[in-house]
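**Student:** Just passing along the structure, written as structure tokens.
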Amino acid sequence: MWERGRPPRKPRPSLIIVPPPPPPRLNLLLPRSLLALAARAMPSRRPSPFLLVLLALALALLFLLLSPSSPSASRLSRSLASGSASATSSPASPAAPPAPVKIYMYDLPPKFTYGVVRSYTAARAPSGSADAAAVLPDEQLRYPGHQHSAEWWLFKDLLRRGPRDRPVARVDDPHDADLFYVPFFSSLSLVVNPIRPPAAANASGVAAAYSDEAMQEELLEWLERQPYWRRHGGRDHVFICQDPNALYRVIDRISNAILLVSDFGRLRTDQASLVKDVILPYSHRINSFKGDIGIDGRSSLLFFMGNRYRKEGGKVRDALFQILENEEDVTIKHGAQSRESRRAATHGMHSSKFCLHPAGDTPSACRLFDALVSLCVPVIVSDYIELPFEDVIDYSTISIFVGTSKAVQPGYLTSMLRRVSSERILEYQREIKKVSTIHLYHTTVYIYRMQ
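This is the structure:
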């Protein structure tokens, strides 16, 4: 039974001929000053999208420190060494706050930021109103709510000039920057064109054309003209490509950069690794549970709702459906993305003790984070999963890991979960409460509207 820990991690499949050894875990690599920097970002009372920025940058600093040829790495190395020396020589004195990480956010042509939102909006506008949507002022545009919206929250956080004591400072002079952020809305760009033919049309009666591939190429052409990109081949640049297919056309040309991703499911080991890149949480898609910890009202043992057939991961899902669909205290449903499905998922997660998280097309999904905001203990059946901020969160205290080979054995999952005591479930819920804000990007102040 894996209730008290995580099963041995299988090596991630590699598409290169001789895969390199797995990278060391970050908690063995990060200098103490960087871990302190990350810990300092942990919100204690209310959620903050800024956590994403800080933890990503802590890892990015490590990547730069491994490159002594970088001028910014030299500055950072001296700064960290100075801070460590001061802490060693004066153990009784309070530690000085670390110097902020200096970020230069490129002022990209609008088509790569607000223009992507505008194109998405126009493609879904009622017939005859596409032109009106295309000329909406920026402040009236809505970034659509979806599971890969980290690119929006980070962009907004860096636009908002915060207090001086923020651990991350946006700088206006690129010469002063430690890192360079490229704020292309790559995940939204991928889905600008609806799956169904758009109803909107422009004045000529022809649906507006949008090409994500062309946007990727144009972005790289623009970047390759920038001196700071050419200086180190992009090694000190940061991209968000949270959708597993985001930036797929140019990924090999930006693989030196720091990538903020949801998982490594569709990335080769020569494109991404835990040494330089950062796993981000998905944005949860269902309403948070407003009650306190407890199992009263959670009549269902286990809940899952999602697509039954998902490429390679669908084999495991199909097996789990066959095993679990006749269990009387288990709710397992096939369902696609829709408002009705989200309402049903909200009810199901809020009324279940455990929520199943099997692998699908990729090792992870937003379902895990939906479960956490529902105080529904995640049961993770995904052998290759990497989770956000594993170096500061012990996921074995907030979830249960089950190896795939065990999970598909008839009766194994349900008998294991029935043996988990009520007090143990409450312990899981208490721990979930403690870290609940770490995975949240926004508060009621933002609610998906540009300010």
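Residue 1 is where the sequence shown starts when you use the UniProt record's numbering, and the numbers rise one by one after that.
For each residue, glycine too, the CB sits at the ideal point set by N, CA and C.
1. For the putative contact between Ala102 and Asp178, defined by C-beta atoms under 8 angstroms, what is the C-beta separation to the nearest angstrom?
2. Let's test the definition: count the other Cβ atoms within 10 Å of the Cβ of Gly234 and tell me whether it reaches 16, buried, or not, exposed.
3. According to DSSP, simplified to helix, strand and coil, what is Phe304?
4. Compute the Euclidean distance between the alpha carbons of Asp236 and Thr437, then round it to the nearest angstrom.
5. Within 10 angstroms of its Cβ, does Ser421 collect 16 or more other Cβ (buried), or is it exposed?
6. What is the DSSP secondary structure of Ala38, counted as helix, strand or coil?
7. Put Ala345 into one of helix, strand or coil per three-state DSSP.
8. With a floor of 4 residues, list each alpha helix (DSSP H) that falls wholly inside the stretch 360 to 404, ordered by position along the chain.
9. Buried or exposed for Lys353, going by 16 or more other Cβ atoms inside 10 Å?
10. Where does the unbroken beta strand (DSSP E) through Ile103 begin, and where does it stop?
11. Let me make sure I understand the geometry here. Which of Pro98, Glu221 and Phe185 has the alpha-carbon closest to that of Val116?
12. What three-state label does DSSP hand Pro174 in the structure shown?
13. Buried or exposed for Lys290, going by 16 or more other Cβ atoms inside 10 Å?
14. If you draw a straight line from the alpha carbon of Asp176 to that of Pro100, how long is it in whole angstroms?
15. For the alpha helix (DSSP H) holding Ile425, just list the boundary residues, first then last.
16. Helix, strand or coil: which one does DSSP assign to Lys333?
17. Could you give the distance in angstroms between the alpha-carbon of Trp152 and the alpha-carbon of Leu324?
18. I need the straight-line Cα distance from Asp263 to Glu386, nearest angstrom please.
19. Label Leu26 either buried or exposed according to how many other C-beta atoms from any shown protein chain fall within 10 Å of its C-beta, with 16 as the threshold for buried.
20. Please go through the same chain and pick out, in chain order, the residues whose beta-carbon is closer than 8 angstroms to the beta-carbon of Ile293, but skip the five residues on each side of it.
21. Between which two residues does the alpha helix (DSSP H) harbouring Ser119 extend?
22. Can you check which of these residues, Asp370, Ala209 and His357, is closest to Val402 by C-alpha distance?
23. Would Leu158 and Tyr181 qualify as a contact pair, given that the criterion is a beta-carbon distance under 8 angstroms?
24. Please classify Ser338 as buried or exposed, where buried requires at least 16 other C-beta atoms within 10 Å of its C-beta.
25. For the 8 angstroms Cβ check, are there 3 or more pairs between the stretch 364 to 382 and the stretch 273 to 288?
26. With which residues is Val408 paired in a DSSP beta bridge?
27. Grab the span of the beta strand (DSSP E) containing Leu179 for me, first residue to last.
28. What residues in its chain sit with their C-beta under 7 angstroms from that of Arg253, if we drop five residues either side in the sequence?
29. Since Leu223 is in the alpha helix (DSSP H), which residue starts that stretch and which ends it?
30. Any idea what DSSP makes of Pro31, helix, strand or coil?
31. Within its chain, find whatever has a CB closer than 6 angstroms to the CB of Asn256; leave out the 5 residues flanking it on each side and keep chain order.
32. Does the beta-carbon distance from Ser382 to Ser364 come in below 8 angstroms?
33. Since I believe His439 is in contact with Pro388 (beta carbons under 8 angstroms), could you give me their beta-carbon distance rounded to a whole number of angstroms?
34. Are Asp243 and Leu280 touching if we call contact CB-CB under 8 angstroms?
35. Which term fits Tyr309, buried or exposed, when burial requires 16 or more other beta carbons within 10 angstroms of its beta carbon?
36. Just how far apart, CA to CA, sit His347 and Arg418?
**Tutor:** Working from what's here:
1. Locating residue 102 in the sequence shown gives position 102, counting from the first residue. Locating residue 178 in the sequence shown gives position 178, counting from the first residue. The question names Ala, yet the displayed sequence has Lys at residue 102. In this structure Lys102 is in contact with Asp178, their Cβ atoms being roughly 5 angstroms apart against a cut-off of 8 angstroms.
2. The count along the sequence shown starts at 1 and reaches residue 234 at position 234. Buried is the call here.
3. Within the sequence shown, numbered from 1, the residue matching residue 304 stands at position 304. Correct three-state label for Phe304: strand.
4. Here residue 236 corresponds to residue number 236 of the sequence shown, with the count starting at 1. Here residue 437 corresponds to residue number 437 of the sequence shown, with the count starting at 1. Spanning the alpha carbons of Asp236 and Thr437 requires a straight line of approximately 28 angstroms.
5. Locating residue 421 in the sequence shown gives position 421, where the first residue counts as 1. Its Cβ having fewer than 16 others within 10 Å, Ser421 is exposed.
6. Reading the sequence shown from its first residue, position 38 is the one you call residue 38. Confidence in Ala38 is poor, its pLDDT being 38 and thus under 50, which makes the residue's placement too unreliable to answer from.
7. As a first step, residue 345 must be located in the sequence shown, where it is residue number 345. In the structure shown, Ala345 sits in a helix (DSSP, three-state: H, G or I).
8. 367 to 373
9. Looking up residue 353 in the sequence shown gives position 353. By the neighbour-count rule (16 or more Cβ atoms within 10 Å), Lys353 is buried.
10. Working through the sequence shown from its first residue, we reach residue 103 at position 103. Where Ile103 is concerned, the enclosing beta strand (DSSP E) stretches over Val101 to Met105.
11. As a position in the sequence shown, residue 116 is number 116, starting the count at 1. Comparing C-alpha distances from Val116 to each of Pro98, Glu221 and Phe185 shows the shortest one belongs to Phe185.
12. By 1-based counting over the sequence shown, the position of residue 174 is 174. Three-state DSSP puts Pro174 in a helix.
13. Walking along the sequence shown from the start, residue 290 turns up at place 290. With fewer than 16 Cβ atoms within 10 Å of its Cβ, Lys290 is classed as exposed.
14. Here residue 176 is taken as the residue at index 176 of the sequence shown, counted from 1. Here residue 100 is taken as the residue at index 100 of the sequence shown, counted from 1. Their Cα atoms are separated by approximately 12 angstroms.
15. Here residue 425 refers to the residue found at position 425 when the sequence shown is read from its first residue. Here the alpha helix (DSSP H) through Ile425 covers Ser422 to Val435.
16. Within the sequence shown, numbered from 1, the residue matching residue 333 stands at position 333. Note: Lys333 maps to strand in three-state DSSP.
17. Translated into positions along the sequence shown, residue 152 becomes position 152. Translated into positions along the sequence shown, residue 324 becomes position 324. For Trp152 and Leu324, the distance between alpha carbons rounds to 38 angstroms.
18. Against the sequence shown, residue 263 aligns to sequence position 263. Against the sequence shown, residue 386 aligns to sequence position 386. Approximately 6 angstroms between the Cα atoms of the pair.
19. As a first step, residue 26 is located in the sequence shown; it is residue number 26 there, counting from the start. The pLDDT assigned to Leu26 is 34, lower than 50, so where the model puts this residue is not dependable, and the model offers no usable value.
20. Within the sequence shown, residue 293 is the residue found at index 293, counting from 1. Only Leu375, Leu426, Gln429, Arg430 and Lys433 meet the Cβ criterion.
21. Here the question's residue 119 lines up with position 119 in the sequence shown. Its alpha helix (DSSP H) spans residues Tyr114 to Ala123.
22. Reading the sequence shown from its first residue, position 402 is the one you call residue 402. When only C-alpha atoms are compared, the closest one is His357.
23. Mapped onto the sequence shown, residue 158 falls at position 158. Mapped onto the sequence shown, residue 181 falls at position 181. Taking 8 angstroms as the Cβ cut-off, Leu158 and Tyr181 qualify as a contacting pair.
24. Counting from 1 along the sequence shown, the entry for residue 338 is found at position 338. Classification for Ser338: exposed.
25. yes
26. Translated into positions along the sequence shown, residue 408 becomes position 408. Looking at the DSSP assignment, Val408 forms no beta bridge with any residue, so it has no partner.
27. Taking the sequence shown and counting its residues from 1, one reaches residue 179 at position 179. Taken as a continuous stretch (DSSP letters only), the beta strand (DSSP E) holding Leu179 covers Leu179 to Tyr181.
28. Counted from its first residue, the sequence shown places residue 253 at position 253. Closer than 7 angstroms at the Cβ level, and outside the excluded window around Arg253, lie Leu220.
29. To locate residue 223, count along the sequence shown from 1; it is residue 223. Counting along the chain, the alpha helix (DSSP H) containing Leu223 begins and ends at Asp212 to Leu223.
30. One-based indexing of the sequence shown puts residue 31 at position 31. Residue placement at Pro31 is poorly supported in this model, since its pLDDT is 33, which falls under 50; the coordinates are not used for a value here.
31. What you label residue 256 is simply residue 256 of the sequence shown in a count that begins at 1. Only Gly233, Gly234 and Arg235 meet the Cβ criterion.
32. By 1-based counting over the sequence shown, the position of residue 382 is 382. By 1-based counting over the sequence shown, the position of residue 364 is 364. Contact: yes.
33. Taking the sequence shown and counting its residues from 1, one reaches residue 388 at position 388. Taking the sequence shown and counting its residues from 1, one reaches residue 439 at position 439. Yes, Pro388 and His439 are in contact; Cβ-Cβ is about 7 angstroms, under 8 angstroms.
34. As a working mapping, residue 243 is identified with position 243 in the sequence shown. As a working mapping, residue 280 is identified with position 280 in the sequence shown. No, Cβ-Cβ distance for Asp243 and Leu280 is not below 8 angstroms.
35. For the purposes of this step, residue 309 is taken as residue 309 along the sequence shown, with counting starting at 1. It counts as exposed.
36. Your numbering for residue 347 matches position 347 in the sequence shown. Your numbering for residue 418 matches position 418 in the sequence shown. One C-alpha to the other measures close to 21 angstroms.
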